[in-house]
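Reading through the structure tokens given below for one structure.
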Amino acid sequence: MHAALMHLTIDPTLAPKAAEAFNNEILPKVRTAPGFVSGYWVDPINGEGFGFLLFKTEEDAAAATPPATKWSAPGVTILKTEIRRVAVSIP
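Going by the numbering used here, the sequence shown opens with residue 232, and the numbers climb by one from there.
Next up, the structure:
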């Protein structure tokens, strides 16, 4: 299993519009991506957000996340995406 770690910024004044785009446009794409297992996003602190997505393979993770896939939401800038192998999992 591989994780896509996403670092981003969110303009707080556009957060409601960003959440709408996230729920209506981005999440449906992620849920249907090949190899998708699960995903988690944490609330931003000081405008900085973080997402953690799990995929079956490294190739699936890389193909489903930026920069390979364009994700666009008002006021959101994706700073970087890292793909890493999951070393240990606790159910």
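We put the CB at the ideal spot given by N, CA and C, even for glycine.
Fill in: Beta-carbon proximity list for W272, same chain, < 6 Å, skipping 5 on both sides
Excluding sequence positions up to five before and after W272, its CB lies within less than 6 Å of the CB of G282, all in the same chain and listed in chain order.
Discussion item. Just list the residues that DSSP pairs R316 with in beta bridges.
Written reply: Paired residue(s): H233.
Discussion item. Between the stretch 286–300 and the stretch 244–251, can you find at least three pairs of beta-carbon atoms closer than 8 Å?
Written reply: As far as the Cβ criterion goes, the stretch 244–251 does not touch the stretch 286–300, which means the pair count is below three.
Item to complete: Return the CA-CA distance between N254 and P275, expressed in angstroms with no decimal places.
Response: Taking the Cα positions, N254 is about 16 Å away from P275.
Item to complete: Excluding the 5 residues preceding and the 5 following W302 in the sequence, name in chain order all residues of the same chain whose CB lies nearer than 7 Å to its CB.
Response: Result list for W302: I257 and I309, in chain order.
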